[in-house]
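Structure first, commentary second.
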Amino acid sequence: MLDILLSRRALASVALAALAAGCSREAPLPQRPVPEVTVIEVRPQTIPYTSEFVAQTESSRQVNIVARVSGFLDRIAYQEGELVKEGQLLFQLDPKPFQAQLEAASGELQSQQARFTTAQANLGRVRPLAQQNALSQADLDRAQGEFDSAKAAVFSAQAKVTEAELNLGYTTIRSPVTGLASRSVQRQGAYLNATSPDSTLTYVAAIDPIWVNFSVSQNVTAKLRDQVAKKQVIQPKNRDYEVEIVLSDGTPYPYKGKINFADPSFSQDTGSFLVRAVLPNPKRELRPGMFVTAHVKGALRPNAIVVPQLAVQQGSNGHLVYVVKQDGTVEVRPVVVGDYYGEKNIVIVTGLHAGDRVVVEGVLKAVPGQPVKIVEPGAADTAKAGAPVGEAGAAKK
Numbered sequence: 018m019l020d021i022l023l024s025r026r027a028l029a030s031v032a033l034a035a036l037a038a039g040c041s042r043e044a045p046l047p048q049r050p051v052p053e054v055t056v057i058e059v060r061p062q063t064i065p066y067t068s069e070f071v072a073q074t075e076s077s078r079q080v081n082i083v084a085r086v087s088g089f090l091d092r093i094a095y096q097e098g099e100l101v102k103e104g105q106l107l108f109q110l111d112p113k114p115f116q117a118q119l120e121a122a123s124g125e126l127q128s129q130q131a132r133f134t135t136a137q138a139n140l141g142r143v144r145p146l147a148q149q150n151a152l153s154q155a156d157l158d159r160a161q162g163e164f165d166s167a168k169a170a171v172f173s174a175q176a177k178v179t180e181a182e183l184n185l186g187y188t189t190i191r192s193p194v195t196g197l198a199s200r201s202v203q204r205q206g207a208y209l210n211a212t213s214p215d216s217t218l219t220y221v222a223a224i225d226p227i228w229v230n231f232s233v234s235q236n237v238t239a240k241l242r243d244q245v246a247k248k249q250v251i252q253p254k255n256r257d258y259e260v261e262i263v264l265s266d267g268t269p270y271p272y273k274g275k276i277n278f279a280d281p282s283f284s285q286d287t288g289s290f291l292v293r294a295v296l297p298n299p300k301r302e303l304r305p306g307m308f309v310t311a312h313v314k315g316a317l318r319p320n321a322i323v324v325p326q327l328a329v330q331q332g333s334n335g336h337l338v339y340v341v342k343q344d345g346t347v348e349v350r351p352v353v354v355g356d357y358y359g360e361k362n363i364v365i366v367t368g369l370h371a372g373d374r375v376v377v378e379g380v381l382k383a384v385p386g387q388p389v390k391i392v393e394p395g396a397a398d399t400a401k402a403g404a405p406v407g408e409a410g411a412a413k414k
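Take 18 as the starting number for the sequence shown in my numbering and just add one per residue.
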C-alpha cells in the first residue's frame, strides 16, 4: 500500500514539474518595428523676402468743396456718390447779386477811365506851357497830380471789376478732380455763409490712382537693417520695392504698386513711421478707408533654408526638428525660425545645414537616438494608419 502511495506521489510530482515547465515556456515578445519616416534633404536656395503689413487705402487726392462766396444754393447738379469728372458742375449759387456787383464795378471803371483821359489830356497841354514859363510850376504840379490820381483810380476800379468777376465765377462750383463725390451737406435753397464752418458742401475723392498706407515699426526696421548688414537679405536696386495687396476676403488685388513716400520720422505715440504706396485703380474696386494686407516685395533672401512647418516642433526651450544622421538614428536639433514662406513652409535661420535630412512625416514615431527607416512621402502615414488593423488581426489570431 505504501509503495502504491509513493508511486502515485511520484507521478503527481512529475506531472506538476511537467506543468510548471510548460507554463514557464512563454511566447517570445515581438520585436518593435523600426519607425518609418519621410525626410527632406536641406538645400539652401535664394527665395523672395516678403514683408507683410496691415494697411489702409486712402484717396490720392481728396478735395473738400467749399463755398467761397455767400449766397443761396440754387442747384445741386451732380449725382451724389457717383463718379464726377474734372470740371464737372457740382453746385450753382444764385448769380444775380454778383452779376449786379460786376456791372456796378464795370461802371465805376468806365468813370475812372474817363477821368483819367481828361487828366492825361490836361497834363499834355500844361507841360509845354510850363516849359515856356506861360504857366507856373504849381499849375504843372497840379496837372501831374490829377493825372497820377486818375491813373491810380483806374487801377483800383479795375481791381474791383476783377474781384466782382471772381465772385461771380465762384457761384458756379465745379469739381477740381476726377473722383467719387460724397453726399451734399447742404440742400437746395439753403443760404451759404462763406465765413462759416458750415460752408463745406461735399468732398471729391480721387481713387485712380489710390494710396495704400501702412506703418513700419522700429523693431521691424532694426531687424531688416541687421539682416542686410549680415547679407541675409539683399535689397532691390535703389530700394525699388513692389507692393501687392490682398483684400479682406483673401482675394489678391490684380494691380501692383510702388512705394512713393516714407515718413522721415517715427511717431512718438506708436514708435513706427508711415509708408505709402500708390496703386492703379482703373476699375474702382478700391475705395478710401478699406483695410487690406500689403505685401512688400523685391528683396531676396540668399542661401535660405526652408522646411515644412509640420517638421518644426515646439519644445520647452524653443523650436526643434528631428534630423536623421548618417547612421540612421534620429537626433533632436534645436533651431531658430524666421518668417513664413508660402502657406506651408517656414525659414530656418540657424540650426540646420546643407545636406541635413529633416523628418517631415512620422515625427511622432521617431525616438531620439533610435534608428528609423526612411520611406517615400506618404508611406509613413499609410503605415501608421494601417498599424491598428494589423494589431487587431494579430489579436484575433
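Virtual Cβ for every residue (Gly too), placed ideally from N, Cα, C.
Pick out the complete beta strand (DSSP E) segments inside the region 58-92, 3 residues or longer, and give them in chain order. Listed in chain order, they are 62-83.
Going by the CB atoms, is the gap between tyrosine 220 and valine 86 shorter than 8 Å? No, these two residues do not count as a Cβ contact at 8 Å.
Is the beta carbon of threonine 217 less than 8 Å from the beta carbon of asparagine 362? For threonine 217 and asparagine 362, no; Cβs fall outside 8 Å.
Nearest-angstrom Cα distance between glutamine 149 and alanine 174? Distance between the alpha carbons of glutamine 149 and alanine 174 is about 36 Å.
So what does valine 202 bridge to, in DSSP terms? Partner residues in a beta bridge of valine 202, as assigned by DSSP, do not exist.
Pull up the distance between the alpha-carbon of glutamate 261 and that of glycine 315, whole angstroms please. Between the alpha carbons of glutamate 261 and glycine 315 lies a distance of about 11 Å.
Pick from Pro50, Arg49 and Val56: whose alpha carbon is nearest that of glutamine 343? It is Val56 whose Cα lies nearest to the Cα of glutamine 343.
Span of the alpha helix (DSSP H) around glutamine 118: It spans 113-148 - the alpha helix (DSSP H) in which glutamine 118 sits, taken as one unbroken run.
By alpha-carbon positions, which one of Val380, Met307 and Tyr358 ends up nearest to alanine 328? The residue with the shortest Cα to Cα distance from alanine 328 is Val380.
Restricting to runs no shorter than 3 residues, where is the beta strand (DSSP E) found entirely within the region 367-392? For the region 367-392, whole beta strand (DSSP E) runs of length 3 or above, ordered along the chain, are 374-378.
Do you know whose CA, among Ala84, Glu99, Glu69 and Ala117, lies nearest phenylalanine 108's CA? For phenylalanine 108, the nearest C-alpha among the options comes from Ala84.
If we ignore side chains and look at the alpha-carbon of each, how far apart do serine 68 and threonine 212 end up? Using only the alpha carbons, I get a separation of about 48 Å.
Does the region 266-280 touch the region 294-310, meaning 3 or more C-beta pairs lie closer than 8 Å? Because the criterion of three Cβ pairs below 8 Å is met, the region 294-310 and the region 266-280 touch.
When the Cα atoms are used, what is the spatial distance from proline 52 to aspartate 373? Whole-angstrom Cα-Cα distance: 19 Å.
Sequence-distant residues of the same chain with beta carbon closer than 7 Å to alanine 27, five excluded per side: Any answer about alanine 27 is weak, because its pLDDT of 49 lies below 50 and its placement is not dependable; what the coordinates show is given next. Nothing listed; no residue qualifies.
Unbroken beta strand (DSSP E) run spanning aspartate 225, endpoints: 217-234 is the extent of the beta strand (DSSP E) around aspartate 225.
Is it buried or exposed, glutamine 129, if we count other Cβ atoms within 10 angstroms and call 16 or more buried? Under the 10 Å beta carbon count, glutamine 129 is surrounded by 16 or more other beta carbons and is classified as buried.
Kindly list the residues whose CB is nearer than 7 Å to the CB of proline 253, restricted to its own chain and excluding five residues on each side of it in sequence; keep chain order. Exclusion of the five residues before and after proline 253 leaves Gly315 and Ala316 as the residues of its chain whose Cβ lies within less than 7 Å of its Cβ.
Nearest-angstrom beta carbon gap, valine 194 and glutamate 302 [assumed within contact, 8 Å]: The C-beta distance from glutamate 302 to valine 194 rounds to 19 Å, too long to fall under 8 Å, and the pair is not in contact.
Note down the Cα distance separating valine 387 from valine 341, rounded to an integer number of angstroms. The question names valine, but residue 387 is glutamine in the sequence shown. Near 10 Å, if we compare the C-alpha coordinates of valine 341 and glutamine 387.
For arginine 301, three-class secondary structure by DSSP: For arginine 301, the three-state secondary structure derived from DSSP is coil.
State the DSSP-derived secondary structure class of arginine 191, mapped to helix, strand or coil. It is a strand residue.
Comparing the C-beta of glycine 196 with each C-beta of chain D, is any distance below 8 Å? Annotation note: the requested chain D is absent from the structure, which comprises a single protein chain.
Rounded to whole angstroms, how far is the Cβ of tyrosine 353 from the Cβ of glycine 368, which I believe are closer than 8 Å? Checking the displayed sequence, the identity of residue 353 turns out to be valine instead of tyrosine. That belief holds up - the Cβ atoms of valine 353 and glycine 368 are roughly 6 Å apart, short of 8 Å.
Just to confirm, are tyrosine 95 and glutamine 79 a CB contact at a threshold of 8 Å? The Cβ-Cβ distance between tyrosine 95 and glutamine 79 does not fall below 8 Å.
Give me the residue from Phe89, Gln249 and Val143 with the minimum Cα distance to arginine 318. Checked all of Phe89, Gln249 and Val143; the closest Cα to arginine 318 is Gln249.
Would you please state the rounded distance, in angstroms, between the beta carbons of glycine 88 and leucine 110? I believe it to be under 8 Å. Between leucine 110 and glycine 88 the Cβ distance is about 4 Å, and since that is below 8 Å, they are a contact.
Closer than 7 Å by C-beta to proline 394: which residues in its own chain qualify, once you throw out the five before and the five after it? Chain order, please. Taking proline 394 as the centre and dropping the five residues before and after it, the same chain places the C-beta of Thr55 and Glu378 closer than 7 Å to its C-beta, in chain order.
Beta carbon of serine 123, beta carbon of isoleucine 227: below 8 Å? No Cβ-Cβ contact shorter than 8 Å links serine 123 with isoleucine 227.
With a CB to CB cut of under 6 Å and the five nearest residues on each side skipped, what residues in its chain are close to asparagine 4? Outside the displayed span of the chain (18 to 414) sits residue 4, for which this structure offers no information.
Does the distance from the CB of arginine 191 to the CB of glutamate 97 come in under 8 Å? For arginine 191 and glutamate 97, no; Cβs fall outside 8 Å.
So what does DSSP say about phenylalanine 278, is it helix, strand or coil? Assigned with DSSP and collapsed to three states, phenylalanine 278 falls in strand.
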